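Below: the structure, in structure tokens.
Protein chains: 2
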Amino acid sequence: MTETIENAGRRTPLYESVANRISYLVEEGTFRPGEKIPSIRSLSHQFGVSINTIKQAYAYLEDRRVVEARPQSGYFVCARLPEVPVAPQVSKREISPTEVSLGDLSQMILRDTMNPDLLQLGISAPAMDMLPIEKLNRMISSELRRKPEQSMEYAVPPGNKRLRTQVAKRMLLAGCTLRPDEIVTTTGCMEAVFLALKVLCRPGDTVAVESPTFFNFLQLIESLGLKALEIPTSPADGISLEALEYALGQNRISACLVVSNFSNPLGSIMPDARKQEMVELLERHDVPLIEDDIHGDIAFANERPLVARSYDKEGNVLLCSSFSKTVAPGYRVGWIAPGRYQKEIEALKMAVTVASASPTQMAVGQFLANGGYERHLRKLRRESATRVARMSEAIGVYFPEGTKVTRPRGGFCLWVEMPAAVDSLKLYAEAVDSGITIAPGPIFSATGKFSNCIRLNAALWSEKIEHAIKTLGELASRQV
Amino acid sequence: MTETIENAGRRTPLYESVANRISYLVEEGTFRPGEKIPSIRSLSHQFGVSINTIKQAYAYLEDRRVVEARPQSGYFVCARLPEVPVAPQVSKREISPTEVSLGDLSQMILRDTMNPDLLQLGISAPAMDMLPIEKLNRMISSELRRKPEQSMEYAVPPGNKRLRTQVAKRMLLAGCTLRPDEIVTTTGCMEAVFLALKVLCRPGDTVAVESPTFFNFLQLIESLGLKALEIPTSPADGISLEALEYALGQNRISACLVVSNFSNPLGSIMPDARKQEMVELLERHDVPLIEDDIHGDIAFANERPLVARSYDKEGNVLLCSSFSKTVAPGYRVGWIAPGRYQKEIEALKMAVTVASASPTQMAVGQFLANGGYERHLRKLRRESATRVARMSEAIGVYFPEGTKVTRPRGGFCLWVEMPAAVDSLKLYAEAVDSGITIAPGPIFSATGKFSNCIRLNAALWSEKIEHAIKTLGELASRQV
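Structure below.
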């Protein structure tokens, strides 16, 4: 039974009244955006109402985006954020394959990326203080002591068995039933995607990608001599299936490359029903899906989302991932579950790199097996959610009026759409002069779209970074 | 002054007389093939002649292949070995590009390679007991403690700087003056060769290779959609420059892929003058050379040989190598010095795997820097020379009459040419039934040559392996 109170002749539910009082405290600044608010128990005591009423009030406020629940942490005031960018509106005429030539742009980014004097807001990598450095390094040492010969041997395809077994177990959480021998370990997720594209496509072939899409995918497509077909993608629910279906009808497409959970750069997540629809659509057109799930484990919610692969009945989805965003970028431990292309992927992996490094595969396998990974994820998810909220808030404060920013529910990429007048390449150059890198919008497109957008790495959030966001905001404001 | 003695009216130099006495001891079995013979000092004492005379006698016997000097170890009785195979005689008509399709053959080998129950004489890898396992594993642990953050970071191209600096220093011994930033680290030597081929060739292009050539090269050529042009190669001095020159005149060749030092499978080494001639020839035809020097550090002599790259003035040689044969196959630490293709190689490496694993690069860099690598090499060279001699000898004992075997002066591949009637694929199947893998000749050719040849890994030599060689010899003999 919901308690009610009489208020100006209208019977208002008690929880709504409580919610309004909390809203008021937020509005007048008692609770700042991003701040933790008192626990259900203490608020129940404070307001003299039942725990159930407080729970209802929080649910009410959550629906209205006043507060948000964070796993293991309680309730926080939502940041007052800029608007969310809308999905790009694209006419059907524009949905056609394009040669990819990022050329000088990618060289420039590569060069700046290696400069240790720059603040690397343009790289999508976890912050060092979020990673289990000491645990991992202890693990690698103890594994090498325990299995010295294994560390020296080629982990020939399909790769380190313990790691594959652990990955198979974990993927149950993502809705997949995989046997360890249906997984091939790789040198990071990029090698997994490379192997998939190389096996599925011949030079000149067309790959359907999200738009915007991770620029390393475009570089890979370019270096394999393929064409990219950019499908409009929404920051909310991912690639447009309507546009994809249209494109499939008009073009010979050899593969579709999608990040269905917390895409890079948009952070979009496809609802499960849309994942299923996508898998069935591609299956009908006999087009294999390369699914990159590299951010899947960094869901801000308690549970990690399903993968599109979980709806695949025909082995048509090549699922790729790695531990580069969650455990250790430098370990280069990734994997692919290649579906019906297992044999070809194993042979190509053997031909191209023979095997990936054994010691790092052993360490990550052990980290998964002893439960360390799951414990680490809980912290990583909480911390990522907080940093994404903080950086979004700072963008709201410092960037020019009219700036929009995405609301990812996992990962740590933020996609910032500035007013149309802002040229992100000009901003890039000025930012580098100020000691900061950003990822300018046009590198996420083969057709030079997104000139007024940038991607930022929220994982690096700190006081120091707030200052960098302020600098970027000022530089952008000058262009308006 | 050389001492002489009167012998049947002829004045024979004293050293020759001493040499003949040693020869006699070898012939009648006092010193067995492969055995160490007494030191110069002790023999001088024993025979009552000067140290100088003993030295002259040893030089005389060395010229006649009765004894051989091994670095740091003294003199050993040469194994009484089967004859050396001659370079394949090939008519000019046969020198033309071929599509590569190893297909099922390579799948079969891959599958058997992963079977831990088989004795892997077919894999070219160092034996575990020759590797500095404990040292390396200690090194990786201490490096991770010293530089925890570096171990977690992407070692983006060109890769770990310390390792590159150490490689640059070492390559002085091979005649190359390289700056650290002219080197890009890779996931083993195979990735280096892959990057080189991918940057230099478009699908359908032709690559000139040695014949026989390392089968992983052929798999790579196949997976990149390239054609192989097989150039006859001599077990003694490597690729035929005459045939190469002819081929260059007749075909559009996009790259030439050569192992100039201790090639796989022949173990041939090109004399320096021929290396220079090859570099100049390819330069004149504007064809880049991909040089694989993976075995260069495992020279049985005191000094490592020069690389062809040392004669390159135009950046036309892409030098590839790794520490997989010398330090740790499973560490996957390789590198490429891409000459004038530096920029393209870095960009492709970034697109395909982003970076190679950091911890293993750090460990190998430290192993080189603290002198451990050089000390390890001395043992590795001695031991490899001994095992190659022992296995060659066993092949002479157990294989059918008319079997020929190469005399590598580095590395640990032995190429065995059996009588024409022996079918190495049949032998392969029978050997696997007996628990042994071999590398059958046809996988070293895109045109199915070498049906009566096999490659064996002499690094694994031990008493147990002698038994396997006996088994192989018996299986082969049944086919004659």
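So the sequences go chain by chain: V and X. Throughout, my numbering is defined as the position within the first sequence, counted from one, plus 1134. Throughout, my numbering is defined as the position within the second sequence, counted from one, plus 1134. Ideal Cβ placement from N, Cα and C applies to all residues, glycine included. Given the structure is predicted, the values throughout are model-derived calculations rather than measurements.
- prompt: Does the stretch 1292-1308 of chain X come close enough to the stretch 1514-1522 of chain X to have 3 or more Cβ pairs within less than 8 Å?
  reply: no
- request: Output yes if chain X places a C-beta closer than 8 Å to the C-beta of residue 1424/V; else output no.
  value: no
field: Where the stretch 1434-1466 of chain X meets chain V: residues whose CB sits under 9 Å from a CB there
entry: 1458, 1461, 1462, 1463, 1464, 1465 and 1466
- request: Using a Cβ-Cβ cut-off of 8 Å, state whether residue 1499/V counts as contacting chain X.
  value: no
query: Given that a residue counts as buried once 16 or more other Cβ atoms are within 10 Å of its Cβ, and exposed if not, what is residue 1278/X?
result: buried
- request: From the DSSP output, in three-state form, read off residue 1615/X for me.
  value: Since the first residue shown for chain X is 1135 and the last is 1614, residue 1615/X is missing from the structure and cannot be characterised.
Identified DSSP bridge partners for residue 1301/X: None; residue 1301/X has no bridge partner.
field: C-alpha distance - residue 1191/X paired with residue 1395/X, whole-angstrom precision
entry: 30 Å
message: Tell me which residues of the stretch 1382-1397 of chain X have at least one Cβ-Cβ distance to chain V shorter than 9 Å, keeping chain order.
response: none
- prompt: residue 1263/V by DSSP, collapsed to three states: which one?
  reply: helix
field: Whole runs of the alpha helix (DSSP H) within the stretch 1142-1194 of chain V, excluding any shorter than 4 residues
entry: 1148-1161 and 1174-1181
- prompt: With residue 1160/X and residue 1211/X assumed to form a contact (beta carbons below 8 Å), what rounded beta-carbon distance in angstroms separates them?
  reply: 5 Å
For residue 1255/V, three-class secondary structure by DSSP: coil
query: Between the stretch 1463-1483 of chain X and the stretch 1227-1239 of chain X, do at least 3 Cβ pairs fall closer than 8 Å?
result: no
query: Can a CB atom of chain V be found closer than 8 Å to the CB of residue 1506/X?
result: no
task: Check whether the stretch 1387-1403 of chain X touches the stretch 1426-1444 of chain X, taking contact to mean three or more Cβ pairs, one atom from each stretch, closer than 8 Å.
output: yes
task: Compare the C-alpha of residue 1195/V against each of 1404/V, 1294/V and 1154/V and name the closest.
output: 1154/V
- prompt: Alpha carbon to alpha carbon, what distance is there between residue 1336/X and residue 1351/V?
  reply: 20 Å
Cα-Cα separation, residue 1305/V to residue 1453/V: 10 Å
query: Does residue 1476/V get closer than 8 Å to chain X when you measure Cβ to Cβ?
result: no
task: Leaving aside the five residues before and after residue 1605/X along the sequence, list all residues of the same chain whose C-beta is less than 6 Å from its C-beta, in chain order.
output: 1568
- prompt: By Cβ distance, which residues of its chain are closer than 6 Å to residue 1552/V, with the 5 residues on each side in sequence left out?
  reply: 1537, 1586 and 1610
query: What is the rounded straight-line gap between the Cα of residue 1468/V and the Cα of residue 1243/X?
result: 25 Å
- prompt: Among residues of its own chain, excluding the 5 on either side of residue 1383/X, which ones have a beta-carbon nearer than 7 Å to its beta-carbon?
  reply: none
task: List the DSSP bridge partners of residue 1363/V.
output: 1342/V
task: Using the DSSP secondary-structure output, state which residues sit across from residue 1209/X in a beta bridge.
output: 1203/X
message: If distances are taken between C-alpha atoms only, which option among 1372/V, 1332/V, 1189/V and 1376/V comes closest to residue 1355/V?
response: 1332/V
field: Contacts that residue 1256/V makes with chain X (C-beta to C-beta distance below 9 Å)
entry: Correct list: empty, because the minimum Cβ distance to chain X is about 13 Å.
According to DSSP, residues forming a beta bridge with residue 1587/V: 1551/V
message: Quick check on the DSSP output: the beta strand (DSSP E) that includes residue 1468/V runs from which residue to which?
response: 1467-1471
message: Which residue marks the beginning of the alpha helix (DSSP H) containing residue 1406/V, and which one marks its end?
response: 1406-1418
query: Which same chain residues, not among the five before or five after residue 1500/X, have their C-beta less than 7 Å away from its C-beta?
result: 1273 and 1277
- prompt: Which of the three DSSP states, helix, strand or coil, is assigned to residue 1373/V?
  reply: strand
- prompt: Are the stretch 1257-1273 of chain V and the stretch 1496-1513 of chain V in contact at 8 Å, needing three or more beta carbon pairs?
  reply: yes
message: Against chain X, which members of the stretch 1264-1289 of chain V pass a CB distance test of less than 8 Å?
response: 1265, 1267, 1268, 1270, 1271, 1274, 1275, 1278, 1279, 1282, 1283, 1284, 1285, 1286, 1287, 1288 and 1289
- request: At 8 Å on the CB atoms, spell out the chain X contacts of residue 1350/V, in chain order.
  value: 1484, 1485 and 1488
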